[in-house]
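Residue numbers (the working numbering): 6 to 553.
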């Protein structure tokens, strides 16, 4: 329930603050006075699209704030609690829009995403204008309307069963597409045989590379060691030159220093001989098998060839090997897998079909109840010969089940029953929508219902019936109505007048709650356009008659 509404710098509104109570609240005013601005302001609070054109001229921002009383046990309360919103007392919701594009939403003073505010208000408030009858004409919405009031668990069961069936069917189709043709199968077998003959593995590849590295190093060592031994053993080699140098120095007896150097050379010669001997024995102990080395290089080249053919890496080669094996196995075992998957599809569809028919039965039972309720409402709204009926046909399977639902109506005795979109006139649609709202609103647990000129094109006794029906609705929820009819306005529990005035070349909109006397005058003006003694008396009698 909306306890109060504050609107600031919104289109033509400077600042208004309105207090509301439970019951039927009506708003009237001259054409162009700005009655629908209040609906636009509440729509903005409910998450409607914002525009800088909504901000009053010469101002940078506009603000709408509503104080709500959330009903205990309602969908609104459940959602608020789920989102961590304290609704033990009143809930203050606001939205401020700026010309620079900023959009600030708050709940109880805390900034929240627009989506959260929009979802909360959707549980609490339903706005219906004269243009919203298109909702009724859209046959895609008819199933949704019938589903209101049906236990959600069975609908969830149908949705889950359909998803399971759909997944099983997709698996079967994917399997059938993946089965290779005879030509592709022959090529796959050729590729797999080539890979399996080579028998690649990560361990083998790494071992080959390590052995090649080791043997390549041995070859270099043998070559270098042999060269050094040759340098030692040549006629003018290292050992020969050292030995000759030692003999020459040892023959210099005239100089003790040189002679001592000659004796020291003896140690150098001995050390060199030891080095040569060590290298010789090491060379003889080293082995290098050229055939093994060639085989290793040939295998690595084989790896490189296969990698280039199958993805460029050893990982891709091994993956493709597994894929080829799987594809060939699937073909070889095709019949078994096809039967297995087809059986899964059949079982999944049987489960879906069972749940879908269970839901369909509930829908048809619900449709019968709705037909009775709506036909009673149509009778109350001066359509005694109208008959509303819900037609079912079987639709292709979907997550919603197997039902296609279309609303049909006949408005006159003897006329054929036909789809709502082709039979009902504008005035009939307005009354039908009101009848539907009367039936469906309690199911949706909406707490505030707003009608924006739903009574366009209606007059006389029918207008009174519409007004009384809205007041009947207001006994359980809060109802607002923007109206141009005195008959509807008179039925309201509270009456607000919307007016427009110009001050300093600037247009302003005001909203005032009317007293009993002011209501009589407003009703007289609406009904006759003047405040004559006769029109005032007629307005007084009208007001008193509907509030007896």
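Even for Gly, the Cβ is constructed at its ideal location relative to N, Cα and C.
query: When DSSP labels each residue in this structure, what does residue 524 get in the three-state scheme?
result: Looking at residue 524 - three-state DSSP - the assignment turns out to be helix.
message: Given this structure, state the Cα-to-Cα distance separating residue 279 from residue 286, to the nearest angstrom.
response: The alpha-carbon atoms of residue 279 and residue 286 are separated by roughly 11 Å.
field: Cβ shell of residue 465 (< 8 Å), same chain only, five flanking positions each side left out
entry: Shown here for residue 465: same chain residues with a beta carbon closer than 8 Å to its own, the five before and five after excluded, namely 492 in chain order.
Element boundaries [beta strand (DSSP E), containing residue 7]: Per DSSP, residue 7 belongs to the beta strand (DSSP E) from 7 to 15.
query: In or out: residue 417 buried (at least 16 other Cβ within 10 Å) or exposed?
result: Exposed is the call here.
task: Compute the beta-carbon to beta-carbon distance between residue 227 and residue 293, rounded to the nearest angstrom, for a pair I have assumed lies under 8 Å.
output: Right, the Cβ-Cβ distance comes to about 6 Å (below 8 Å), so this counts as a contact.
message: Please state the DSSP three-state secondary structure of residue 446.
response: Here residue 446 carries a helix assignment [DSSP, helix/strand/coil].
field: Option nearest residue 433 by Cα separation, candidates 205, 386 and 174
entry: Nearest C-alpha to residue 433: 386.
message: What does the alpha-carbon distance come out to for the pair residue 468 and residue 23?
response: One C-alpha to the other measures close to 27 Å.
message: In the DSSP assignment, the beta strand (DSSP E) including residue 92 goes from what residue to what residue?
response: Counting along the chain, no beta strand (DSSP E) covers residue 92, and no H or E run does either.
message: Tell me the DSSP secondary structure of residue 518 in three-state form.
response: The answer is strand: DSSP assigns residue 518 an E or B state.
query: Do the segment 67 to 85 and the segment 517 to 529 make contact, defined as three or more Cβ pairs closer than 8 Å?
result: They do not touch, by the three-pair rule.
- prompt: Is residue 344 buried or exposed, if buried means 16 or more other CB atoms sit within 10 Å of its CB?
  reply: So residue 344 ends up on the exposed side.
- prompt: First and last residue of the alpha helix (DSSP H) that includes residue 82?
  reply: Boundaries of the alpha helix (DSSP H) around residue 82: 80 to 87.
- prompt: Of the choices 43, 502 and 83, whose alpha-carbon is the least far from that of residue 71?
  reply: Residue 43 is the option with its Cα nearest to residue 71.
query: Can you give the Cα-Cα distance for residue 420 and residue 368, rounded to whole angstroms?
result: Distance between residue 420 and residue 368, taken at the CA atoms: about 27 Å.
message: Tell me the DSSP secondary structure of residue 541 in three-state form.
response: Assignment of residue 541 by DSSP, reduced to helix, strand and coil, places it in the helix class.
- prompt: How about residue 308 and residue 210: are their beta carbons less than 8 Å apart?
  reply: Using a Cβ distance threshold of 8 Å, residue 308 and residue 210 count as a contacting pair.
message: Measuring only the C-alpha atoms, how far is residue 331 from residue 301?
response: The straight-line gap from Cα to Cα measures roughly 31 Å.
- request: Could you name the residues of the same chain whose beta carbon sits closer than 7 Å to that of residue 474, not counting the 5 residues immediately before and after it, in chain order?
  value: Excluding positions up to five away in sequence, the list reads 385, 386, 439 and 443.
message: Helix, strand or coil, according to DSSP, for residue 393 in the structure here?
response: Three-state DSSP puts residue 393 in a strand.
task: Determine, using beta carbons only, whether residue 47 and residue 130 come nearer to each other than 8 Å.
output: Yes, these two residues count as a Cβ contact at 8 Å.
query: Taking buried to mean at least 16 other C-beta atoms within 10 Å of its own C-beta, is residue 212 buried or exposed?
result: Residue 212 comes out exposed.
- prompt: Going by DSSP, which residues form a beta bridge with residue 36?
  reply: Answer is none; residue 36 lacks a bridge partner.
message: Considering only their Cβ atoms, is the gap separating residue 36 from residue 502 smaller than 8 Å?
response: For the pair residue 502 and residue 36, the CB atoms are not nearer than the 8 Å cut-off.
query: Leaving out five residues before and five after residue 7 in sequence, what residues of the same chain have Cβ atoms less than 7 Å from its Cβ?
result: Excluding residues within five positions, the ones whose Cβ falls inside 7 Å are 25, 71, 73, 453 and 483.
query: What residue range is occupied by the uninterrupted beta strand (DSSP E) comprising residue 108?
result: Residues 108 to 112.
field: For residue 364, the nearest candidate out of 85, 80, 402 and 118 (CA to CA)
entry: Of 85, 80, 402 and 118, the residue nearest in Cα terms is 402.
- request: Quick one: using the 10 Å Cβ neighbour count with 16 as the cut-off for buried, is residue 222 buried or exposed?
  value: The residue is exposed, with fewer than 16 neighbouring Cβ atoms inside 10 Å.
query: Around the C-beta of residue 282, are 16 or more other C-beta atoms found within 10 angstroms, so that it is buried, or is it exposed?
result: Around the beta-carbon of residue 282, fewer than 16 other beta-carbon atoms lie within 10 Å, marking it exposed.
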